[in-house]
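What follows is a single structure, written as structure tokens, with notes after it.
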Amino acid sequence: MTTSIYTPEMARLVKVETLTALEKLFTIELPGGRSLGHSPGQFVMLSLLGIGEAPISITSSPSRSNGIFELCVRRVGDVTNALHNMQPGDMVGIRGPFGRGFPIEKMRGKDVLFAPGGLGLAPLRSLINQVLDERGSFGRVIILYGARRPQELLFRNELEEWIARPDVECLVTVDRGDETWTGNVGVITTLFPKITINPRNTVAVTCGPPIMYRFVLMEMLSKGIPETQIYLSLERRMKCGVGKCGHCQINHLYCCQDGPVFTYTQIKNVEEAL
Amino acid sequence: MKLMILDKSALAPMVNALRADYRVVGPQARGPQFAFDVITDPAQLRLDYNTTILPPKKVLQPQYERLLSFNRREYQVTPIIEATPTVLVGVHTCDLHAFLLLDQAFSREYPDAHYLERRRQTVIISLECLEPCDEYSFCRSMGTLTSDTGYDLHLTDLGTAYAVHVATETGRQILSRYATVREATEADVRQLNEVLSAKWPRFTYRLDFDAAELPALLGAAYDHPLWEELGERCLACGSCTNVCPTCYCFNVFDEVDMQLVAGERWRCWDSCQLDEFARVAGGENFRKARSARQRHRFMRKGKYLYEKFGELGCVGCGRCIRACVAKISILEGFNAIHQSA
Amino acid sequence: MTSNGKPKVAFFDFACCEGCQLTVVDSLQTHLDLLEAVEIVQFREAISDRGEDYQIAFIEGSCTRQADEERLRKIRAQASVVVALGACAHTACVNALKNLHPLEDVRRWVYGDQAEWYDTYEARPISAVIEVDAIIPGCPIDREEFIRVVKALLLGKKPPLPDYPVCVECKLKENVCMFHIGKFCMGPVTRAGCGAICPTYGDGCEGCRGFIPAPNENAMKDVLADAGLTVEAIMARFTMFNTYLVSARKADGEERR
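Protein chains in written order, with numbering that gives the first Met the number 0: chain U, 0 to 273; chain L, 0 to 340; chain F, 0 to 256.
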């Protein structure tokens with residue numbers, strides 16, 4: 000039989016959890032319990048037959064794969080809307096994993112600063128949990144997480160675990176609080192003055208809505224973190240995931256192949272990146 | 000490379016013979032213009048065509064094609080490779096150069112079986128241009144006025160006959176099975192050389208500089224005022240990219256039957272000039288301004304594709320200039336950037 | 000839903016020629032299976048029933064009177080999905096040409112000495128009165144597009160509405176450009192989805208499907224002027240089907256490069 004890079008493999012939804020009003024966590028099992036074989040920061044093309052295909056970052060870490068992987072998906076378009084209506088047992092199409100993830104080897108022995116905003120926690124969670132599962136290989140682990148409102152915070156159980164762990168420094172903030180919220184209020188950049196770091200030994204990682212990058216990058220740079228040690232994960236429209244369809248191009252870079260993870264050095268002079 | 004002689008009177012019988020075993024596609028009249036289309040009668044074949052509205056790229060990457068079929072009830076997916084044994088006749092050398100770039104785009108890293116299978120099943124009979132096709136082409140500047148690769152057979156018009164360069168074993172077999180030809184004599188070779196030498200002065204260099212400088216020139220022109228000016232005039236209709244022989248961007252969409260059970264996944268040509276091209280589901284548009292989209296086109300043609308594949312993305316065919324109702328010219332754009340550098 | 004799970008569908012008309020509903024009837028000839036997928040409970044042009052328990056409402060026609068507003072709101076209150084069927088509902092189409100003239104004059108021209116009996120006002124698309132969930136543009140609609148929209152609604156997908164211009168479909172069909180044979184065409188600023196039907200049959204696009212979201216109006220005017228049209232003729236092309244949109248864009252002052 001002929002094969003095609005555009006043919007998805009059908010995989011089973013084994014668990015669907017509601018995280019917020021807009022986001023759900025989907026646990027997916029490939030045929031035969033085969034491992035997806037991804038690295039943190041990579042994505043899959045998620046296919047719903049008759050609806051379409053969309054790139055989704057993988058939120059589970061390879062260290063916890065065990066024959067399954069997880070996607071944290073916001074209800075925002077046709078594919079994701081339809082996915083939100085699906086139940087365990089339903090099948091979805093998967094192609095991938097694709098793209099260049101985070102270079103975890105370069106992070107070993109270093110302090111790691113994570114600064115995700117909103118849904119940006121989804122791809123970073125893959126790396127965070129990988130790092131935590133190999134905790135001894137890394138220096139300090141600092142997580143600064145911001146969301147717009149308390150009810151939009153993702154993975155609240157895990158956030159609480161991270162906050163409770165003595166070997167993780169985790170600060171959480173919301174742009175606007177409510178009566179239940181007793182934590183930090185303010186945009187994510189207000190968390191940076193609360194931490195001190197050894198910049199030359201720190202690797203920083205961020206992902207979030209387009210508007211957030213500039214401000215978070217400014218904070219990272221002003222703390223003295225070298226440009227080559229700052230990593231970002233970018234979102235773009237994709238129709239193939241394999242460097243053909245052209246939709247994800249950022250100047251000369253292909254988000255699907257050269258990214259979605261880039262160093263700040265790679266994209267700082269690339270106007271279309273941020 | 001072997002040289003054979005095909006008498007012009009032997010062309011129609013050859014086309015007819017080929018039609019028994021192949022889909023034969025060649026240039027035909029379409030109104031006052033020309034288009035590559037399936038030949039059902041040898042009289043339709045117009046090797047005297049100037050240029051076509053769409054490039055012959057459409058034979059290798061059709062405007063619309065099915066990628067797979069599916070059944071939603073059974074969660075079944077079956078790839079579809081749409082390929083038919085085809086003889087593509089009359090390809091100009093600019094378009095041949097474009098094929099070389101498409102071959103790279105679709106074979107590198109993740110090979111695209113849909114394109115590559117069609118490519119494998121396509122026999123290419125190209126045609127040497129002896130006259131400029133029209134006022135818009137600048138093939139000589141782009142180094143595409145001739146080619147010694149990319150074809151199975153290559154025709155040069157010698158008046159009453161075609162000189163046929165046999166470049167591949169497939170080409171040799173096509174000639175021996177389907178055509179009446181004779182070996183070229185010394186006189187034929189002499190005539191061919193005369194024809195080939197005489198053609199060059201008819202083509203003028205239209206680029207004011209060496210095309211090899213293009214990537215560097217564009218690299219320094221990211222903030223050039225030209226982009227704003229083009230953004231004012233551009234209608235963002237996508238015609239420039241749709242007629243381009245080296246544009247290969249595509250969109251993908253699903254079609255289902257009325258029962259919502261069976262369906263197909265399609266791909267179709269897409270254009271970076273269209274408003275929605277770089278828009279994500281959340282609404283953010285990463286290339287919103289028409290000026291930025293025109294810049295992206297120029298950069299892709301003159302810089303990005305070169306950096307990726309080692310071939311310039313512009314072959315100088317002139318189709319985009321001809322197709323633009325707002326009279327945006329990539330040639331004038333390149334020259335303007337050179338002048339101000 | 001009916002007991003058999005089919006969504007109930009109703010068709011309504013306001014100021015229009017009913018040509019779009021005729022196209023719907025026509026599409027049933029080639030897509031008989033459509034009737035297996037939905038149940039039509041109200042469709043004046045095709046059946047005598049008048050069921051009021053519909054979920055999907057297709058509305059043809061423009062709002063041209065006070066009484067229309069009330070009726071539109073009633074349909075909106077009942078339907079979970081409202082679809083603007085055709086140009087009159089989508090853009091007010093040629094009905095809006097009258098908006099270019101004082102209303103009293105228009106009434107007198109049409110109704111003569113009975114003008115006072117008619118309370119018509121400026122023609123508007125139905126979206127000016129109620130929220131619209133989907134649009135099927137065109138004068139008349141394209142029957143294949145109608146089928147695509149119905150399928151999308153049944154699938155729970157956002158109904159497809161191309162944001163790109165007619166030129167895209169025209170080029171992909173490899174038509175000779177109208178401007179190359181001395182004809183005038185609104186294709187570069189008009190929303191695709193019709194398969195470039197007019198240029199395919201040799202006539203320039205008249206813009207019946209409304210503008211793309213960010214049309215370069217000035218550049219289009221330049222192109223038409225270069226092709227030999229006077230300012231008046233250019234305005235006539237813009238306002239033929241799109242008087243309402245031209246006025247709305249002018250009011251917005253929205254211009255994007």
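The beta carbon of each residue, even a glycine, is placed where N, CA and C say it ideally should be.
Residue environment, residue i, which counts as buried when at least 16 other CB atoms sit within 10 Å
i, result
"Glu254/F", "Low confidence applies here, because Glu254/F scores a pLDDT of 47, under 50, leaving its location unreliable; read the following figure in that light. Exposed is the call here."
"Ser238/L", "buried"
"Asn94/F", "buried"
"Asn250/L", "buried"
"Gly30/L", "exposed"
"Asp94/L", "buried"
"Val109/F", "exposed"
"Trp268/L", "buried"
"Tyr341/L", "Chain L is shown from 0 up to 340; residue 341/L falls before or after that span and cannot be answered."
"Trp116/F", "exposed"
"Gly181/F", "exposed"
"Thr22/F", "buried"
"Asn197/U", "exposed"
"Asn84/U", "exposed"
"Pro157/L", "As written in the sequence, residue 157/L is Leu, which differs from the Pro given in the question. The residue in question, Leu157/L, is buried, as its Cβ has 16 or more Cβ neighbours within 10 Å."
DSSP-derived helix/strand/coil call for residue i
i, result
"Asp52/F", "coil"
"Ser68/L", "strand"
"Ala146/U", "strand"
"Pro54/U", "strand"
"Ala325/L", "coil"
"Arg73/U", "strand"
"Arg256/F", "Annotation note: pLDDT 34 at Arg256/F (below 50); position unreliable, no value reported."
"Ile127/U", "helix"
"Gly186/F", "helix"
"Cys138/L", "helix"
"Asp147/L", "coil"
"Phe113/U", "strand"
"Arg22/L", "strand"
"Asn44/U", "In the sequence on display, residue 44/U carries Met and not Asn. In this structure, Met44/U counts as strand in the three-state DSSP scheme."
"Lys198/L", "helix"
Cβ pair residue i, residue j closer than 8 angstroms
i, j, result
"Pro131/L", "Ala97/L", "no"
"Ile27/U", "Ala53/U", "no"
"Thr205/U", "Pro96/U", "no"
"Ile233/F", "Tyr163/F", "no"
"Ala56/F", "Phe11/F", "yes"
"Leu12/U", "Pro87/U", "yes"
"Tyr161/L", "Ser125/L", "no"
"Ile134/F", "Leu153/F", "no"
"Cys243/L", "Arg189/L", "no"
"Tyr247/L", "Ala104/L", "yes"
"Lys262/F", "Ala195/F", "Any property of residue 262/F remains undetermined from this structure, which presents chain F solely from 0 to 256."
"Ile4/U", "Asp111/L", "yes"
"Lys198/L", "Leu129/L", "yes"
"Val81/F", "Ile46/F", "no"
Interface partners of residue i on chain C, CB under 8 angstroms
i, result
"Phe13/F", "Absent from the structure is chain C; the protein chains it does hold are U, L and F."
Cβ-heavy atom distance, residue i to the ligand SAH, below 7 angstroms
i, result
"Trp199/L", "No copy of the ligand SAH occurs in the structure displayed, which carries no ligand at all."
query = Which whole runs of the beta strand (DSSP E) in the stretch 76-143 of chain F are 3 residues long or more, in chain order?
reply = Annotation: the stretch 76-143 of chain F contains the following complete segments of the beta strand (DSSP E) (minimum length 3 residues), in chain order: 80-84 and 133-135.
inquiry  = If we require 3 or more residues per run, which beta strand (DSSP E) segments fall completely within the stretch 236-268 of chain U?
reply    = The stretch 236-268 of chain U contains these whole beta strand (DSSP E) runs: 260-262.
query = Counting Cβ pairs, one atom from each stretch, are 3 or more of them under 8 angstroms apart for the stretch 312-321 of chain L and the stretch 136-151 of chain L?
reply = Counting C-beta pairs with one atom in each stretch, the stretch 312-321 of chain L and the stretch 136-151 of chain L have three or more that are closer than 8 angstroms, which means they touch.
message = To test your reading of the DSSP string, which unbroken beta strand (DSSP E) runs of 3 or more residues are found completely within the stretch 159-232 of chain U?
response = Within the stretch 159-232 of chain U, the complete beta strand (DSSP E) runs of at least 3 residues are 168-173, 201-206 and 229-232.
ask   = Any contact of the stretch 253-269 of chain L with the stretch 26-39 of chain F, i.e. 3+ C-beta pairs under 8 angstroms?
value = At 8 angstroms Cβ cutoff, the stretches touch.
query = Which ranges would you report for the alpha helix (DSSP H) in the stretch 1-60 of chain F if only whole runs of at least 4 residues count?
reply = Those alpha helix (DSSP H) runs which fall completely within the stretch 1-60 of chain F and span 4+ residues are 18-29 and 33-36.
message = Across the stretch 195-213 of chain U and the stretch 177-185 of chain U, are there enough close Cβ pairs to call them in contact, namely three or more that are closer than 8 angstroms?
response = They do not touch, by the three-pair rule.
request  = Decide yes or no for the touch test of the stretch 216-232 of chain U against the stretch 266-278 of chain L: beta carbon pairs closer than 8 angstroms, at least 3 of them.
outcome  = Contact annotation: the stretch 216-232 of chain U does not touch the stretch 266-278 of chain L, with fewer than three C-beta pairs closer than 8 angstroms.
Complete alpha helix (DSSP H) runs within the stretch 221-256 of chain L (minimum length 4 residues, chain order) = The qualifying runs are 225-232 and 238-241.
task = Could you tell me whether the stretch 190-205 of chain U touches the stretch 102-121 of chain U, where touching means 3 or more Cβ pairs closer than 8 angstroms?
result = Under the 8 angstroms Cβ criterion, the stretch 190-205 of chain U counts as touching the stretch 102-121 of chain U, having at least three qualifying pairs.
message = Under 8 angstroms: do the stretch 146-160 of chain U and the stretch 120-133 of chain U share three or more Cβ pairs, one atom per stretch?
response = Yes: the two stretches touch, three or more of their Cβ pairs being nearer than 8 angstroms.
query = Do the stretch 63-79 of chain F and the stretch 181-188 of chain F meet, that is, are 3 or more Cβ pairs less than 8 angstroms apart?
reply = They do not touch, by the three-pair rule.
Segments assigned beta strand (DSSP E), at least 3 residues, entirely inside the stretch 36-118 of chain L = Inside the stretch 36-118 of chain L, DSSP marks whole beta strand (DSSP E) runs of 3 or more residues at positions 63-70, 75-78 and 85-91, from first to last along the chain.
ask   = Would you call the stretch 15-26 of chain L and the stretch 78-89 of chain L touching, i.e. three or more CB-CB distances under 8 angstroms?
value = In short, these stretches touch, since the Cβ pair count reaches three.
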